[in-house]
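Asks: Supplied in structure tokens, the structure appears directly below.
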Amino acid sequence: MPKWLDNAVFYEIYPQSFQDTNADGIGDFQGIIRRLDYIRELGCNAIWINPCFLSPFGDAGYDVADYDTVAPRYGTNEDLKQLFAEAHSRGIHVLLDLVPGHTSVEHKWFLESMKAEKNQYTDRYIWTDNVWEAPENMGCLRGISPRDGAVALNFFSMQPALNYGYYKITRPWQQSPEDEGPRATLNAMLDVIRFWLSMGCDGFRVDMAGSLVKNDEEGKGTIALWQKVRTFLDREFPEAAFVSEWGEPDKSLQGGFHMDFLLHFGPSRYNDLFRCEHPFFSSEGRGDVSAFVKKYRENYDKSEKKGLICIPSGNHDMDRLARLLSPDEMKLAFGFLLSMPGAPFIYYGDEIGMRYVEGLSSVEGGYNRTGSRSPMQWDNTANAGFSSAPAEKLYIKMDDAPDRPTVEAQLTAENSLYHEVKKLIAIRQAHPALQSRGEIEFVHAEENAYPLAYLRSADSERILIIVNPASRAESFESVLPEGELLYSCGAPAKKEGSAWMVPPCSVSFIKL
């Protein structure tokens, strides 16, 4: 694993909405470059940029039309290369977002695959062998070209699925991962990876990494495919970092990924923490963290206690933290996020408590997600410092509330969420036990109960984390001794006899 991942703290940038420098209402690479010092000052030493390749933007860039060319709205390939260099000069690593499962219908590969005459792209996508047959368990497009067949879709109707083969073959048109077509698809994706790593990119966050081989219930075919990618990387780019959107770390780490995202959908119970009717981190104190911890333990044990599970504050696909949590509640949430194993990911603006913007029409396939993709709020100038374009030209409407949080206001407010996040990152970076590879042992995580307590350790360092978001005092029995208070938000927890007494709305880091 690249050494820099050991203490990586990522900042996720949705490039459309971060900083516009040419007054077209859309963020760009030069805008990211302009704000690199801000990211470094916060304490983040790595960034993940959402898809920035040529695209018709039917799904915010997750419908790629050319993997080797950046979208002109963001700049040029040279601008992105400059961004890599500027980030590196500040000690910041950069992951791009790789979308290997599908392309746009405008990609040249797909345009060639639609032709009736056989060519090198005929098997680049999953096609049935007649227009009347749909692929199993997938949406499809049909009647779109002279070719006889229906093409499988991964999600939206502009995202035809690339062909990496079927693990279990049930129809004559399905191919094995070892057939010529699927192998050519994989080799084409290796070329994409090679192109950007050679340009200076430090690795990739991989979209839908667990879904490439179809009819693959146990993931064996997809694991084998990623092991081939790992062999390629070890040979040509051993320092490249690969983080998977998979949600099953035992499988993704076996496939050769360095870390795996804990997803907000599926069985992770991540939403129990921040995004449900009664979030655990709400001060109402009606949440339940036990199912999340149970699932986390299962994943942790399956992945040989490597703990390389990334927990994001949010991302472009889910509601903002601030939709259900207050700024003070978010401080405790960040106390948790920045003291867990794996690399934490901070979604742009979460560090200042940017809100979900209600009532927006869908923009570029965002639908209900659009409210989490509004422009970054930098200051109190026009468009909150995001763009000098007229407000009606902005890619997505700003949060126009008079009390909207801004970086400028939070920098000057001593007790702001920004300053708490910055403080927490600094503490994490000062203590190996709190970083990516430090081990975790849950001390208290009972059903329908508070607080949450866990022990982080690395070598001889042990740090006890006690989080009580509830607005009432709590306690729990533990043989763990008193120690040195490293950090607290709210009043610190204290040991009295055999019990830890935990004040309301508090988080404490105690070095044992």
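Position 506, counted from 1, in the sequence shown is what my numbering calls 493; the numbers after and before it change by one each time, with no gaps. We treat Cβ as the ideally placed atom computed from N, Cα and C, and that holds for glycine.
#1: Below 7 Å CB to CB, which residues in the same chain sit around Q161 once its five sequence neighbours on both sides are set aside?
#2: Sorted by chain position, which residues of the same chain lie with C-beta nearer than 6 Å to V230's C-beta, five sequence neighbours on each side aside?
#3: A103 and R134: beta carbons closer than 9 Å?
#4: Starting from Y153, follow its DSSP beta bridges and name the residues at the other end.
#5: I need the straight-line Cα distance from T90 to G206, nearest angstrom please.
#6: Cα-Cα, which of D221, K105, N367 and T399 is closest to L177?
#7: What are the partner residues of A486, as DSSP defines its beta bridges?
#8: To the nearest angstrom, how far is it from the Cα of S493 to the Cα of F279?
#9: Select from G353, A396, Y25 and T357 the residue whose C-alpha is nearest the C-alpha of D366.
#10: Going straight from the alpha carbon of G18 to that of P456, what length do you get?
#11: On the CB-based measure, 16 or more other CB atoms within 10 Å of its CB, does P107 come out buried or exposed?
#12: In the DSSP output, what is V53 paired with across the bridge?
#13: Out of S348, D306, A137 and N355, which one is the CA nearest neighbour of Y334?
#14: For D247, which beta-bridge partners are listed by DSSP?
#15: Along the chain, where does the beta strand (DSSP E) that runs through E428 open and close?
#16: Terminal residues of the continuous alpha helix (DSSP H) containing G208?
#17: Would you decide whether V466 is buried or exposed? Buried here means 16 or more other CB atoms lie within 10 Å of its CB.
#18: Ordered along the chain, which non-local residues of its own chain (more than five positions away) have a Cβ less than 8 Å from that of A58?
#19: Which stretch, first to last residue, makes up the alpha helix (DSSP H) that contains L508?
#20: For P122, which residues from the same chain have a beta carbon less than 7 Å from its beta carbon, with the 5 sequence-adjacent residues on both sides left out?
#21: List the residues that DSSP assigns as beta-bridge partners of A360.
#22: Who are the near neighbours of T56 in its chain, counting only those whose CB is closer than 6 Å to its CB and skipping five residues on each side?
#23: Looking at C-alpha atoms only, which residue of R111, F16 and C31 is the closest neighbour of V408?
#24: I need the DSSP call for Y335, collapsed to helix, strand or coil.
#25: To which residues of the same chain is R77 closer than 6 Å at the C-beta, ignoring the five residues directly before and after it?
#26: Identify, in the order they occur along the chain, each residue of the same chain with its Cβ nearer than 6 Å to the Cβ of F248, setting aside the five sequence neighbours on each side.
#27: Would you mind stating whether A445 and E471 have Cβ atoms separated by less than 9 Å?
#28: Taking all protein chains shown into account, decide if Y354 is buried (16 or more other Cβ within 10 angstroms of its Cβ) or exposed.
#29: Starting from F71, trace the alpha helix (DSSP H) both ways and give me its first and last residue.
#30: Check R170 in the structure and name its three-state DSSP category.
#31: I want to know whether the segment -11 to 4 touches the segment 251 to 267 - three or more CB-CB distances under 8 Å.
#32: Is it right to say D237 is buried, meaning 16 or more other beta carbons lie within 10 angstroms of its own, or is it exposed?
#33: Could you tell me which residues DSSP pairs with A445 in its beta bridges?
#34: Starting from E264, follow the alpha helix (DSSP H) in both directions and report where the run begins and ends.
#35: Using DSSP with H/G/I as helix, E/B as strand and the rest coil, what is K498?
#36: Assuming F33 is part of the beta strand (DSSP E), what are its boundary residues?
Replies: If we stick to the structure as given:
#1: Looking up residue 161 in the sequence shown gives position 174. Excluding positions up to five away in sequence, the list reads Y153.
#2: One-based indexing of the sequence shown puts residue 230 at position 243. Result list for V230: R192 and M246, in chain order.
#3: Counting from 1 along the sequence shown, the entry for residue 103 is found at position 116. Counting from 1 along the sequence shown, the entry for residue 134 is found at position 147. A contact, by the Cβ cut-off of 9 Å.
#4: Taking the sequence shown and counting its residues from 1, one reaches residue 153 at position 166. Paired residue(s): K201.
#5: As a working mapping, residue 90 is identified with position 103 in the sequence shown. As a working mapping, residue 206 is identified with position 219 in the sequence shown. Taking the straight line from one Cα to the other gives about 22 Å.
#6: In the sequence shown, counting from the first residue as 1, residue 177 sits at position 190. For L177, the nearest C-alpha among the options comes from D221.
#7: Your numbering for residue 486 matches position 499 in the sequence shown. Beta-bridge pairing links A486 to E464 and E483.
#8: Here residue 493 refers to the residue found at position 506 when the sequence shown is read from its first residue. Here residue 279 refers to the residue found at position 292 when the sequence shown is read from its first residue. Distance between the alpha carbons of S493 and F279 is about 20 Å.
#9: As a working mapping, residue 366 is identified with position 379 in the sequence shown. Ranking the options by Cα distance to D366, first place goes to A396.
#10: As a first step, residue 18 must be located in the sequence shown, where it is residue number 31. As a first step, residue 456 must be located in the sequence shown, where it is residue number 469. If you take the alpha carbons of G18 and P456, they lie about 36 Å apart.
#11: Mapped onto the sequence shown, residue 107 falls at position 120. Looking at the sequence shown, residue 107 is not Pro but Gln. It counts as exposed.
#12: Residue mapping note: residue 53 aligns to position 66 of the sequence shown, counting from 1. A small correction: the amino acid at residue 53 is Asp; Val does not occupy that position in the sequence shown. DSSP, once it has assigned bridges, lists L41 as partnering D53.
#13: The sequence position of residue 334 within the sequence shown is 347, counting from 1. The residue with the shortest Cα to Cα distance from Y334 is D306.
#14: Here residue 247 is taken as the residue at index 260 of the sequence shown, counted from 1. D247 pairs with S231 and I296.
#15: Start at 1 with the first residue of the sequence shown, and residue 428 comes out as number 441. Where E428 is concerned, the enclosing beta strand (DSSP E) stretches over E426 to H431.
#16: Here residue 208 is taken as the residue at index 221 of the sequence shown, counted from 1. Its alpha helix (DSSP H) spans residues K207 to E223.
#17: Counting from 1 along the sequence shown, the entry for residue 466 is found at position 479. With fewer than 16 other Cβ atoms within 10 Å, it is exposed.
#18: Translated into positions along the sequence shown, residue 58 becomes position 71. Excluding sequence neighbours, A58 sits near C39, F40, L41, S42, F44 and G48.
#19: What is shown of the chain runs -12 to 499, which leaves residue 508 out entirely.
#20: For the purposes of this step, residue 122 is taken as the residue at position 135 of the sequence shown. These residues qualify, in order along the chain: I113, T115, A137 and A139.
#21: For the purposes of this step, residue 360 is identified with residue 373 of the sequence shown, where counting begins at 1. Per the sequence shown, the amino acid found at residue 360 is Arg instead of Ala. DSSP lists no partner for R360.
#22: For the purposes of this step, residue 56 is identified with residue 69 of the sequence shown, where counting begins at 1. Around T56: L41.
#23: Counting from 1 along the sequence shown, the entry for residue 408 is found at position 421. Out of R111, F16 and C31, C31 has the C-alpha closest to the C-alpha of V408.
#24: As a position in the sequence shown, residue 335 is number 348, starting the count at 1. DSSP places Y335 in coil when its eight states are reduced to three.
#25: Locating residue 77 in the sequence shown gives position 90, where the first residue counts as 1. Around R77: L23 and R27.
#26: In the sequence shown, counting from the first residue as 1, residue 248 sits at position 261. Once the five neighbours on either side are set aside, the close Cβ partners of F248 are E232 and C297.
#27: Numbered from 1 along the sequence shown, position 458 holds the residue referred to as residue 445. Numbered from 1 along the sequence shown, position 484 holds the residue referred to as residue 471. No, the pair does not count as a contact, with Cβ atoms beyond the cut-off.
#28: Mapped onto the sequence shown, residue 354 falls at position 367. Flag for Y354 reads exposed.
#29: Counting from one through the sequence shown, the residue named residue 71 turns up at place 84. Its alpha helix (DSSP H) spans residues N64 to S76.
#30: The count along the sequence shown starts at 1 and reaches residue 170 at position 183. In the structure shown, R170 sits in a helix (DSSP, three-state: H, G or I).
#31: no
#32: Translated into the one-based positions of the sequence shown, residue 237 becomes position 250. So D237 counts as buried.
#33: For this step, residue 445 is matched to residue 458 along the sequence shown. The partner list for A445 (beta bridge, DSSP) reads E448.
#34: Within the sequence shown, residue 264 is the residue found at index 277, counting from 1. Where E264 is concerned, there is no enclosing alpha helix (DSSP H), given that its DSSP letter is neither H nor E.
#35: Numbered from 1 along the sequence shown, position 511 holds the residue referred to as residue 498. K498 falls in the strand class under three-state DSSP.
#36: The count along the sequence shown starts at 1 and reaches residue 33 at position 46. Residue identity check: residue 33 is Ala in the sequence provided, not Phe. That run of the beta strand (DSSP E) goes A33 to I36.
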